[in-house]
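I have placed the structure first, in the form of structure tokens, so that the comments after it can refer back to it.
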Amino acid sequence: MTPKRIGIALAIATALLVVWNQRGVGIARDETVYFSAGDRYAAWWVNAATFRDHASIAQTFGGAMGSEANPEHPPLLKLASGLSHRWLPFASELTAYRMPSAILHGVCAWLVFAMTLELWGLAEAILAVLCLALLPRALFHAGLDCFDAPTMTLWFATVYAYWRCLDGRKWPWQVGVAWGLALATKHTALLLPFALGVHWIVIAWRTKKFDHWRVAVSLAVLGPLVLFVLWPWLWLDPIGHLRAWLAFHLHHVHYNFEYLGTNWNAPPFPWHVALVTTLFTVPTATLVAAAIGATRMRGKQHAAGLLLLLSAAASIGPFLLGSTPIFGAEKHWMPILPPLCIAAGVGAAWAARKAAAFVRGERIALVIVGGALVLASATEVVSAEPYALTWYSTLAGGAPGAADLGMNRQFWGVAARGVLPEIAKQPPGPVYTHDASPAWGWYERFGMLPKGHPDSGHEAAGIAASKLALVIHEKHFNRHDYMIWKAYGTVQPIFVLRAAGVPIVSLYKRP
Amino acid sequence: MTKSLAAVPALLLVIVSLWEVVAARCDATGVPDDAAWDAAAALVRASAQPGDLIVFAPDWIDPVGRLHLGDKISVDMASRMDAARYARIWELSIRGARAPETAGLSPVLALDVEGVIVRRFERAPAIVISDVGSQLATATSDGARPTLELAEVGFAPHRCVQVTPVPGKPTRVTFHQLHLGTKLVGYAGLADVFTRRDIRAPGKLAVEIGGRTVASITPGIDDGWVHFEATTQPGDADVTFVASADAPQRQICFAAEARQ
């Protein structure tokens with residue numbers, strides 16, 4: 013098998029792994045917004061392209077921040093999700109919505125493979141992709157109809173395209189288009205020019221030439237242009253709507269997030285949140301391999317090692333400032349993962365080759381070292397899914413160790429799916445669902461929850477109207493327990509869903 | 002020697018990987034399951050007396066503890082001011098954790114039930130002569146009427162008297178002719194995580210007996226359930242709690258007991 017075919021096979025396997033894994037993952041609160049928005053966007057584009065009547069741009073893409081059209085996020089992934097839902101009848105509805113993110117994760121695997129193969133070798137490339145595919149949190153996020161994993165892919169696509177475009181080509185359009193796609197996925201892509209800019213200056217300084225000015229022009233012209241073309245909301249008022257988009261994220265509300273035993277909901281946050289969270293959410297063996305690999309990445313063409321380092325730094329750097337919202341944890345700095353996995357692949361392969369003399373050959377050494385590394389990651393994946401937001405690596409002591417340390421238990425209400433079978437056993441009646449409320453109707457629609465258990469509403473009124481009540485365990489959600497105790501007159505749940513023994517959802521029944 | 006050192010990175014990587022394989026499975030399966038909790042709960046049920054306090058440690062296992070023994074824990078017990086009035090405390094713990102309610106106490110019973118450690122503690126309880134929560138109906142206020150709530154204060158449940166003073170205008174809540182012992186023990190804090198997030202200013206609570214301030218605390222957004230205590234003369238006296246704040250929506254929630 014040629015290296016190219018190996019890469020394609022790994023990319024397809026990665027995408028399939030995501031599709032397979034997401035089948036057990038509950039519906040995230042944010043996904044419900046993107047499902048609806050994606051359907052609207054897809055209908056608008058399809059109708060516009062076929063010259064049929066269609067809703068106005070303002071109705072489809074606009075409105076206030078936080079409104080149904082979701083103008084606070086650019087449209088690319090939502091559009092892809094809507095088209096997938098429209099055009100993939102063979103998949104379940106939920107899988108269809110999530111398919112674009114899964115495919116993009118496969119693309120990420122391919123890009124990691126391609127760059128690593130080009131710079132280091134086949135063994136390094138295979139190991140890097142396997143490390144990436146078997147990151148439990150990344151696998152989880154890639155299975156959601158959300159922007160975080162796709163952003164990682166398109167961020168890295170931009171980095172790779174930029175690096176390839178340093179070959180002196182006359183029309184380096186690829187880097188501008190890739191960045192435009194990244195911008196059309198999530199605002200965090202705006203950080204990328206800091207990495208590329210510094211790298212560009214370094215190589216210009218080293219060579220004493222400004223050979224690659226076309227790359228900068230491509231980024232400056234094509235990036236914004238692609239964003240503009242893909243986002244009809246900008247067509248109406250480019251500056252005003254851009255300003256509103258960025259202002260929303262610059263002044264984003266700070267959601268509650270537990271870190272080392274403290275509930276954080278306002279800056280200043282500890283400077284080490286991103287570092288410690290990364291240490292605890294990447295398999296330990298992968299971290300060790302990456303640490304070894306980081307020492308072996310110098311001296312490559314166009315300072316590729318420096319580029320990967322800068323890319324990771326631009327992604328995670330803002331979270332060291334103490335003022336950037338931390339509520340999304342590792343999902344907000346996912347673009348550090350491709351460089352980290354490349355370093356892990358390089359480190360593991362280098363270590364194996366150094367030890368080849370002791371095991372009668374390089375191949376055997378690669379199988380032993382690489383196999384151990386992959387086995388460790390695979391074990392963590394098995395431990396993590398489908399409640400990967402509760403999972404932490406062995407370095408933290410797994411989910412129970414992280415609970416001891418006071419690390420965030422979960423967010424988005426995803427785990428509510430795990431109590432649906434218990435609810436189905438109960439007599440019909442309204443359910444107080446709090447954080448799972450946005451997903452509740454979708455669970456019914458997708459056939460995961462039988463009819464007769466509607467959402468009872470919000471807060472005290474919702475509890476008063478309920479026959480069953482669930483609490484999704486996060487520190488700041490403790491208050492839901494207390495409201496239920498007061499209304500039901502009991503502190504005893506009838507079921508407690510656990511991940512690795514750690515409570516994630518309690519279900520109460522009105523006596 | 003140099004040749005041997007060349008294998009160190011690979012060896013390190015293999016050892017860490019194998020450790021992770023084993024440790025990850027141990028982490029994922031190391032927390033006692035329902036069978037263990039059933040057995041531990043049965044032990045407690047066999048010997049528990051009405052009014053015994055049951056606590057769990059670490060705090061994150063509390064839902065599992067209540068799943069198995071919640072019928073033995075009343076809402077009032079779960080939302081207690083503190084544990085001082087309880088003569089017997091059952092502590093069910095895992096992973097070597099201890100509940101704060103048993104700090105400094107020695108168990109009279111300690112058994113390992115399939116990984117759940119069951120301990121029983123006995124001690125002379127505080128004798129409560131009166132508490133403000135039960136006297137709220139006869140209390141008077143010069144501002145908004147205080148309410149008895151089951152509130153989240155410091156992410157824990159507390160049955161407490163809640164007052165939301167107008168900024169700059171203290172609210173005085175007076176408990177008339179409250180039976181007092183040798184000390185008045187209380188706690189206060191700011192209820193509701195969302196108002197604590199959105200408004201960062203502290204609240205203030207002062208306690209006056211016979212017109213004299215005997216205790217004063219300033220609970221902030223991260224202070225949780227703040228303890229106060231004052232020496233008192235046994236007998237009846239008017240006790241006034243003065244809640245004040247410079248910012249709006251300071252939901253000051255307090256509880257206090259007169260103890261012998």
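Quick mapping for you: the protein sequence lines, in order, are chains A and B. Heads up, my numbering is the position in the first sequence plus 12, with the first residue counted as 1. Heads up, my numbering is the position in the second sequence plus 1, with the first residue counted as 1. Just so you know, even glycine gets a beta-carbon here, dropped at the ideal spot from N, CA and C.
If you follow the alpha helix (DSSP H) that residue i is in, where does it begin and where does it stop?
i        : result
A/Lys182 : A/Lys182 -> no alpha helix (DSSP H), and no H or E assigned at all.
A/Cys177 : 160–177
A/Trp99  : 88–99
A/Gly252 : 250–262
Give the C-beta separation of residue i and residue j to the nearest angstrom, bearing in mind that I take them to be a contact with Cβ-Cβ under 8 Å.
i        : j        : result
B/Pro33  : B/Ile95  : 6 Å
B/Arg99  : B/Leu110 : Between B/Leu110 and B/Arg99 the Cβ distance is about 15 Å, and since that is not below 8 Å, they are no contact.
A/Ala7   : A/Ala23  : No answer is possible for residue 7 of chain A: it lies beyond the span of chain A, which begins at 13 and ends at 523.
B/Val192 : B/Val154 : The amino acid at residue 192 of chain B is misidentified as Val; the sequence shows Ala. Yes, B/Ala192 and B/Val154 are in contact; Cβ-Cβ is about 5 Å, under 8 Å.
B/Val117 : B/Trp38  : 6 Å
A/Ala302 : A/Ala356 : 4 Å
A/Asp416 : A/Gly409 : 7 Å
A/Phe125 : A/Ala137 : 5 Å
A/Pro442 : A/Pro462 : Going by Cβ atoms, the distance from A/Pro442 to A/Pro462 rounds to 14 Å, so no, they are not a contact pair.
A/Leu519 : A/Val381 : No, A/Leu519 and A/Val381 are not in contact; Cβ-Cβ is about 45 Å, not under 8 Å.
Hey, could you find the ends of the beta strand (DSSP E) residue i is sitting in?
i        : result
B/Gly187 : 184–191
B/Phe57  : 54–58
B/Gln178 : 172–181
B/Gln163 : 157–164
B/Val240 : 236–246
A/Pro351 : Per DSSP, A/Pro351 belongs to no beta strand (DSSP E); it is in the alpha helix (DSSP H), 349–366.
B/His228 : 227–232
What's the call for residue i, buried or exposed, on a 16-neighbour Cβ count within 10 Å?
i        : result
A/Leu272 : exposed
A/Lys343 : buried
A/Met111 : buried
B/Phe122 : buried
B/Lys4   : exposed
A/Thr44  : buried
B/Arg160 : buried
B/Pro168 : exposed
B/Cys27  : exposed
A/Ser68  : exposed
A/Ser9   : For chain A, the structure presents residues 13 to 523; residue 9 of chain A sits outside this window and is missing.
Got a sec: is the Cβ-Cβ distance from residue i to anything in chain A below 8 Å?
i        : result
B/Ala11  : yes
B/Ile218 : no
B/Phe255 : no
B/Val194 : yes
B/Arg251 : no
B/Val64  : Correcting the residue identity first, residue 64 of chain B is Pro in this sequence and not Val. Cβ-Cβ to chain A under 8 Å: yes for B/Pro64.
B/Arg124 : no
B/Ala25  : yes
B/Leu68  : yes
B/Ala248 : no
For a cutoff of 8 Å on Cβ pairs, would you count residue i as touching chain B?
i        : result
A/Arg491 : yes
A/Asn275 : yes
A/Ala67  : no
A/Ala140 : no
A/Ile484 : no
A/Tyr494 : yes
A/Leu246 : no
A/Ser449 : no
A/Asn33  : no
A/Glu84  : no
A/Glu392 : yes
Would you mind telling me which residues of chain A sit closer than 9 Å to residue i, beta carbon to beta carbon, in chain order?
i       : result
B/Gly71 : Thr502, Val503, Gln504, Pro505
CB of residue i to nearest heavy atom of the ligand GTP: below 7 Å?
i       : result
A/Trp32 : The ligand GTP is not among the ligands present in this structure, which contains no ligands whatsoever.
In chain A, which residues lie less than 8 Å from residue i when you measure between Cβ atoms?
i        : result
B/Ala7   : Lys366, Ala367, Ala369
B/Val32  : Pro412, Arg510, Ala512, Gly513, Val514
B/Asp28  : Ser395, Thr406, Gly409, Gly410, Ala411, Pro412, Gly413, Ala512
B/Arg198 : His266, Asn268, Asn277, Ala278
Whose Cβ in chain B lies nearer than 8 Å to the Cβ of residue i?
i        : result
A/Lys498 : Val76, Leu151
A/Lys487 : Phe156
A/Ala360 : Leu14
A/Ala363 : Pro10, Ala11, Leu13, Leu14
If the cut is a Cβ gap below 7 Å, which residues of chain E does residue i touch?
i        : result
A/Asp416 : No chain E appears in the structure shown, which is made up of the protein chains A and B.
Could you tell me which chain B residues have their CB closer than 7 Å to the CB of residue i, listed as they occur along the chain?
i        : result
A/Thr296 : Val17, Glu21
A/Leu387 : Ser18, Val22
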